[in-house]
Amino acid sequence: MNKLLVPIDSDNVSAQAISFAKTLLEEGQALSLLHVIRPLASSRVIHYVGRKVVEEILKEDAVAALTQTLQSVEQDHIPHTLEYEFGEPSQVIAKTQTNMI
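To get our numbering, take the position in the sequence shown, counting from 1, and add 2.
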């Protein structure tokens, strides 16, 4: 299935980007929604709590924050995938796009 990459976060611009992307979809295409979570700045927190726990908490926060942003995609039954990645947004987005080609 051919996919259209749409990087998103929890702001209004993302909701607008999703609305615009829906107008670009052609038959047989799906949205590939990507939310990039920046790494936690403090390595001390990771040291004491553990990377896995920190990433789980950050992902839970992201899922909660994106609920409203994703409503239009789900209500309109638009085919889509949603991925959460950790890293610097520009690098993760570029890598994801390259992998889609």
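Don't be surprised by glycine CBs; every beta carbon is placed ideally from N, CA and C.
Item, Value
"I need the straight-line Cα distance from ILE59 to GLN31, nearest angstrom please.", "32 Å"
"Taking the alpha-carbon positions, what's the THR83 to ILE48 distance?", "29 Å"
"Quick check on DSSP: helix, strand or coil for ILE39?", "strand"
"Could you check whether the stretch 10 to 25 touches the stretch 61 to 80, counting it as contact only if at least three pairs of C-beta atoms, one from each stretch, sit closer than 8 Å?", "yes"
"In terms of DSSP beta bridges, what is SER34 paired with?", "LEU7, THR83"
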